Amino acid sequence: MEGLANQQDNMEIMDSSLYYKAARGEIDAFKQHPKPLNQLVTPIDKNTILHIHITSRCRFPSYPSYYYRLVKREVLSFDHSETSSVNFVKDVLRICPDLLNQPNAKDETLLHMAARHGHEDIVKIIAEENERILQEDQEAARLMLRMVNKVKDTALHEAVRYGHLDVVKELVKRDGEFSYGANDCGETPLYLAAEKGFSMAVDQILEACKSPAFQGPGERTALHAAVLCKDEEMTRKIVGKMRFLATKADKQGWVPLHYAAQSGCLAIVKILLEADTSAAYIANKTEEKTPLHLAAQNGQTYTMGELISRCPGCWEQVDAKGRNVLHYAVASDNKFAVYTILDDTSLSNLINEKDRDGNTPLHQHVTSYNYLKYFIGHPKVDRHAFNNRNLNPLDVILSQDGLWGNQKKSKKALETMGTKSGQRIVDREESRGENSSQAENEMIAVIKEAREAHLVVATLIATVTFAAGFTLPGGYKSDENDPEQGHAILTKDLAFKVFVISDAIALMLSSSAVFFHMFMAHETDKTMLISLFKLALNLTINAMAAMVVAFITGTYAVLSHCLGLAIAATALCCPFFFIYIYYLTGRLLDKLDLASM
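Numbering (this note's numbering), first residue to last: 1399 to 1995.
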């Protein structure tokens, strides 16, 4: 420690002249320097002349900033070829061998710098110099290659992070015995390469290193990273070298198969199952979900089929709330995920299985905003099953305040198939429990999120139609001698009259919608909030229709002399009305459906 303190006391701060000479690689400036070169450093990071030179070999930015112009003039004015740079490094190390492994203030050696910037030739020189100096102690030479900086990064970390394949090859070739452990962030070089999708670096590390470390942040492994990158080949190679990683879980208890099943990468799912089918039975820590649960939850039907066919009994597992795979399939809003289970007779026990609250998959389905007639009418579905609150599926629907389209269809289907409500209910109001509250809260959250977008649309329509009222098509009469000066020119044109009326209607409807949206911001009653949202939505849609009519008639009024162009403009706007009529038809059918219940 005393020697290091003395060395620091003897440090010489590098001036700008020497700095740029080091960057340019002018060896003559340092041959006769009065002090040892390892004492010549920058003031803050304590970089030596070789740190500076190695860094300066990087490409400069293409933008013409002041800094770029300055550095270009000071650095690139000298011959900066790779050969001259290599010679400079060799010459400096001959003059002062102590520079070889001298770190800067961040504990970064020359090897760290060369690896970071992709200088394979300098990496090779540093490694060879280490071996030459330590000829009798090869292990010591290897330790030099394994040196870490203050955040525990090795040179291989740097090479992988910045994508320098040639440097990666050189480093692992020279020290394949080392495992290259994790840095302060928990990243190993193998994990970094997999996470970046740097497959060629993964190949080099797996081939050259006997037992490379595989850890990553959050207790993930390189296999987790490869799966998250959805890289089939990389996954196959990691599994081939480290099959045991297929069942290695991260901090949340997710094995790589959880991630593959969730994203629906069927090819990767197959690779992981070939490695170890037991991964399909591993549940995560918090919710106890298996890969099959995640596949069903996300509607990944092909993945579901693969897991069910390859892993018998995996469908029998339930999560922490007692929900089975059919509960998750119903919640996925993907009818094909539900059909995958219903059409497999070996899974029929799942159809009426209850969770810890006594809810069957049908109980869960009727609280959603979907309608699966095939599921409700399936011959093995028990439509009279009661949960722990003595509610059957029809009771669950009726316990909610306000029914939406698909819930009305589910209600009608259950009643048609003979399901009766209230069989175990004494007081209907007491049955309005958490199902109603949860569905209502979800709907209010959706409304609040949609309200902002709808308000913007209504405001834009009001703004455009207001402006159109003062910039009338055809313009105004401007003749000073005309008693009708300032009047609209096309007042007698029928299309113009329709334009004015439809523009006024659009302005009135959109302004009313804006008013109701403003009123909604202060409304606390949930039922009133839903009613106001429906009203504002209808006003906005009708305002949009009136605005399109105004555009068509206004365009027709000014293009009547060119009939072909006027008809073409009108025809291009007509598809909107097909959408509008479809919307109105859907509303009418909902009303008829409600009236028939």
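Using N, Cα and C, we set each Cβ at its ideal position, and we do this for glycine too. Because the structure is a prediction, the values reported are computed rather than measured.
- Item | Euclidean distance between Cα positions of lysine 1577 and threonine 1552 | Here residue 1577 refers to the residue found at position 179 when the sequence shown is read from its first residue. Here residue 1552 refers to the residue found at position 154 when the sequence shown is read from its first residue. Correcting the residue type first, residue 1577 is serine in the shown sequence and not lysine. If you take the alpha carbons of serine 1577 and threonine 1552, they lie about 11 Å apart.
- Message: For alanine 1388 and glutamate 1631, what's the separation of their Cα atoms in angstroms?
- Response: A query on residue 1388 cannot be resolved here, the shown segment of the chain reaching from 1399 to 1995 and no further.
- Reduced DSSP secondary structure (H/G/I, E/B, other) of glutamine 1437: For the purposes of this step, residue 1437 is taken as residue 39 along the sequence shown, with counting starting at 1. Of the three classes helix, strand and coil, the one that applies to glutamine 1437 here is helix, per DSSP.
- Query: Candidates Lys1594, Ala1677, Tyr1772, Ser1597: which alpha carbon is nearest valine 1653's?
  - Reply: Translated into the one-based positions of the sequence shown, residue 1653 becomes position 255. Selected option, being the one with the closest Cα: Ala1677.
- Assigned secondary structure, glutamine 1500 (DSSP; H/G/I helix, E/B strand, else coil): Within the sequence shown, the letter at position 102 stands for residue 1500. Three-state DSSP puts glutamine 1500 in coil, outside helix and strand.
- Message: Tell me the DSSP secondary structure of isoleucine 1887 in three-state form.
- Response: Within the sequence shown, numbered from 1, the residue matching residue 1887 stands at position 489. Here isoleucine 1887 sits in coil by DSSP.
- Query: Using 8 Å as the threshold, is the stretch 1686–1702 in touch with the stretch 1717–1733, meaning 3 or more CB pairs across them?
  - Reply: yes
- the stretch 1437–1446 in contact with the stretch 1410–1426 per 3-pair CB rule at 8 Å: yes
- Which residues does DSSP pair with isoleucine 1928 in a beta bridge? Taking the sequence shown and counting its residues from 1, one reaches residue 1928 at position 530. DSSP output for isoleucine 1928 lists no bridge partner at all.
- Item | Option in Thr1586, Leu1554, Leu1664, Arg1849 with minimal Cα separation from alanine 1623 | Here residue 1623 refers to the residue found at position 225 when the sequence shown is read from its first residue. Here the closest residue by C-alpha is Thr1586.
- Query: Leaving out five residues before and five after arginine 1530 in sequence, what residues of the same chain have Cβ atoms less than 8 Å from its Cβ?
  - Reply: The count along the sequence shown starts at 1 and reaches residue 1530 at position 132. Answer for arginine 1530: no residue qualifies.
- Check whether threonine 1938 and serine 1908 have beta carbons under 8 Å apart: Counting from one through the sequence shown, the residue named residue 1938 turns up at place 540. Counting from one through the sequence shown, the residue named residue 1908 turns up at place 510. For threonine 1938 and serine 1908, yes; Cβs fall inside 8 Å.
- Query: For proline 1791 versus leucine 1770, is the C-beta spacing smaller than 8 Å?
  - Reply: For the purposes of this step, residue 1791 is taken as residue 393 along the sequence shown, with counting starting at 1. For the purposes of this step, residue 1770 is taken as residue 372 along the sequence shown, with counting starting at 1. With contacts defined by Cβ atoms closer than 8 Å, proline 1791 and leucine 1770 do not form a contacting pair.
- N-terminal and C-terminal residue of the alpha helix (DSSP H) that leucine 1588 is part of: Along the sequence shown, read from residue 1 onward, the residue named residue 1588 stands at position 190. Boundaries of the alpha helix (DSSP H) around leucine 1588: 1587–1593.
- Kindly identify the DSSP beta-bridge partner or partners of glutamate 1751. The count along the sequence shown starts at 1 and reaches residue 1751 at position 353. In DSSP, glutamate 1751 forms no bridge with anything.
- Would you kindly work out how many angstroms separate the C-alpha atoms of glycine 1662 and tyrosine 1700, rounded to a whole number? Here residue 1662 refers to the residue found at position 264 of the sequence shown. Here residue 1700 refers to the residue found at position 302 of the sequence shown. Their Cα atoms are separated by approximately 8 Å.
- Excluding the five sequence neighbours on either side, which residues of its own chain have a C-beta within less than 7 Å of the C-beta of alanine 1943, listed in chain order? On the sequence shown, residue 1943 is found 545 positions in, with the first residue counted as 1. Same-chain partners within the cutoff: Tyr1978.
- Query: Exposed or buried, which one is tyrosine 1418 when buried takes at least 16 other CB atoms within 10 Å?
  - Reply: Here residue 1418 refers to the residue found at position 20 of the sequence shown. Tyrosine 1418 comes out buried.
- Closest by CA to alanine 1955, which one among Val1896, Ile1903, Asp1489, Asn1936? Your numbering for residue 1955 matches position 557 in the sequence shown. The residue with the shortest Cα to Cα distance from alanine 1955 is Val1896.
- Sequence-distant residues of the same chain with beta carbon closer than 7 Å to histidine 1915, five excluded per side: Within the sequence shown, residue 1915 is the residue found at index 517, counting from 1. Closer than 7 Å at Cβ, skipping near neighbours: Arg1849, His1852, Leu1853, Ala1856, Ala1934.
- Message: Between which two residues does the alpha helix (DSSP H) holding glutamate 1529 run?
- Response: Sequence index remark: in the sequence shown, residue 1529 carries index 131 (1-based). Where glutamate 1529 is concerned, the enclosing alpha helix (DSSP H) stretches over 1518–1531.
- Whose C-beta lies closer than 6 Å to the C-beta of serine 1746 among residues of the same chain, with five residues either side of it excluded? Against the sequence shown, residue 1746 aligns to sequence position 348. For serine 1746, where only same-chain residues beyond five positions count, the Cβ hits under 6 Å are Lys1778.
- Using DSSP with H/G/I as helix, E/B as strand and the rest coil, what is glutamate 1424? By 1-based counting over the sequence shown, the position of residue 1424 is 26. Coil at glutamate 1424, not helix or strand.
- Item | Per-residue DSSP class, three states only, for isoleucine 1411 | For this step, residue 1411 is matched to residue 13 along the sequence shown. In this structure, isoleucine 1411 counts as strand in the three-state DSSP scheme.
- Task: Using the Cα positions of phenylalanine 1913 and threonine 1765, report the straight-line distance between them to the nearest angstrom.
- Result: Reading the sequence shown from its first residue, position 515 is the one you call residue 1913. Reading the sequence shown from its first residue, position 367 is the one you call residue 1765. Between phenylalanine 1913 and threonine 1765, the alpha-carbon positions lie close to 32 Å from each other.
- Using the Cα positions of lysine 1470 and glycine 1516, report the straight-line distance between them to the nearest angstrom. Here residue 1470 is taken as the residue at index 72 of the sequence shown, counted from 1. Here residue 1516 is taken as the residue at index 118 of the sequence shown, counted from 1. Only weak support is given to the placement of lysine 1470: the predicted model assigns it a pLDDT of 48, under 50, and the question is left unresolved by the model.
- Query: For phenylalanine 1975, does the three-state DSSP call read helix, strand or coil?
  - Reply: Numbered from its first residue, the sequence shown carries residue 1975 at position 577. In the structure shown, phenylalanine 1975 sits in a helix (DSSP, three-state: H, G or I).
- Item | Exposed unless 16 or more other CB atoms sit within 10 angstroms - verdict on cysteine 1607 | The residue given as residue 1607 occupies position 209 in the sequence shown. Flag for cysteine 1607 reads buried.
- Who are the near neighbours of threonine 2034 in its chain, counting only those whose CB is closer than 7 Å to its CB and skipping five residues on each side? Residue numbering for the chain in the displayed model covers 1399 to 1995; residue 2034 lies beyond these limits and cannot be assessed.
- To which residues of the same chain is valine 1565 closer than 7 Å at the C-beta, ignoring the five residues directly before and after it? Taking the first residue of the sequence shown as position 1, residue 1565 is located at position 167. The residues are Ala1513, Gly1516, Glu1518, Val1521, Ala1557.
- Helix, strand or coil for threonine 1701, going by three-state DSSP, please let me know. For the purposes of this step, residue 1701 is taken as residue 303 along the sequence shown, with counting starting at 1. Threonine 1701 falls in the helix class under three-state DSSP.
- Span of the alpha helix (DSSP H) holding histidine 1735? By one-based count along the sequence shown, residue 1735 stands at place 337. Position check: residue 1735 holds alanine in this sequence, whereas histidine was assumed. Element bounds for alanine 1735: 1733–1740.
- Where aspartate 1741 falls, given that 16 or more other Cβ within 10 Å makes a residue buried: Mapped onto the sequence shown, residue 1741 falls at position 343. So aspartate 1741 ends up on the exposed side.
- Of all the options Leu1892, Asp1891, Ala1904, which has the alpha carbon lying nearest to the alpha carbon of threonine 1863? As a position in the sequence shown, residue 1863 is number 465, starting the count at 1. Per the Cα distances, Ala1904.
- Message: Counting beta carbon pairs with one atom in the stretch 1955–1968 and one in the stretch 1916–1930, are three or more of them shorter than 8 Å?
- Response: no
- How would you write the range of the alpha helix (DSSP H) that alanine 1512 sits in, first residue to last? What you label residue 1512 is simply residue 114 of the sequence shown in a count that begins at 1. Taken as a continuous stretch (DSSP letters only), the alpha helix (DSSP H) holding alanine 1512 covers 1508–1514.
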